[in-house]
Ligand code: ADP
Ligand code: MG
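Residue numbers (the UniProt record's numbering): 186 to 412.
The structure is reproduced here in structure tokens:
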């Protein structure tokens, strides 16, 4: 009975995200379709053609960004629940982030040697960490340090993962809005990355706490039950 409720709750979270992502990807696709139609006009000026093709590419990039914030959630095999070795998972996430970090002059420090195992979907968990890391890197336009670490709290059988950046930080108001669908402060933002983070952690019965200071940086604290 209890299991059924948990499963239903998870499905609800997943389908909420799926609906929202489908909606967000449909908009750029519709606009791309419209512009391609316009571009097939034989008397279209070269200037207009260039303008339309630039918009088309931008819209496709937007669809790509939305899908990449959501990527692993769209894979059906990501529904598999299993023990997740924390060190291994965070190392993999930091490897995936490394080329992006390098481009932005960000150094990644990982302190992941303690043995600790949590329970959930490996790919969803990794997607959440990648989304946090991506935001952290994007918050450090002139370089900085991204740190991934965790501490085990044996007495209450939990682990707390900390992901910190030395970036621009957020004010009280921005912190409050974090996680709301489509909330973004970026020109090419989706506002879906943090929504995915919140749903994944909620689905793993975890807790997320975010501390931030404008001009100093941000730390995400994720507390999860040990497996
Ligand atoms: P996007 O990255 O596409 O804007 P997200 O949902 O990933 O969408 O993030 C929403 C917003 O939260 C960002 O636009 C940014 O303003 C803020 N944010 C998230 N993480 C950080 C961070 N580490 N430092 C500063 N701002 C952040
Ligand atoms: Mg993001």
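Glycine residues also receive a C-beta, built at the ideal position from the N, C-alpha and C atoms.
Comparing alpha-carbon positions, the option among 227, 296 and 238 lying closest to residue 345 turns out to be 296. At a cut-off of 8 Å, the beta-carbon of residue 332 does not count as near the ligand ADP: no heavy atom of the ligand is closer than that. The three-state reading of DSSP puts residue 293 in strand, counting E and B together. One Cα belongs to residue 224, the other to residue 242, and the distance between them is close to 13 Å.
Residue 337 places its beta carbon less than 9 Å from that of residue 411.
Three or more beta-carbon pairs separated by less than 8 Å are not found between the region 326 to 342 and the region 354 to 365, which leaves the two stretches without contact. For residue 374, the Cβ falls inside the 8 Å cut-off from some heavy atom of the ligand MG.
In terms of Cα proximity to residue 287, the closest of 326, 377 and 384 is 326. Residue 214 is classed as exposed because its beta carbon has fewer than 16 other beta carbons within 10 Å across all chains shown.
The beta carbon of residue 217 sits closer than 7 Å to the beta carbons of 241, 244 and 245 from its chain, once the five residues preceding and following it are set aside; these are given in chain order. Checking the 8 Å criterion, the Cβ of residue 378 is within range of a heavy atom belonging to the ligand MG.
Here the region 268 to 275 does not lie against the region 351 to 358, with fewer than 3 beta-carbon pairs under 8 Å apart. DSSP places residue 232 inside the alpha helix (DSSP H), whose first and last residues are 231 to 255. Only residues of its own chain outside the window of five on either side were considered, and among them 305 and 409 have a CB closer than 6 Å to the CB of residue 389, listed in chain order. One thing to note: residue 206 has its Cβ within 9 Å of the Cβ of residue 251.
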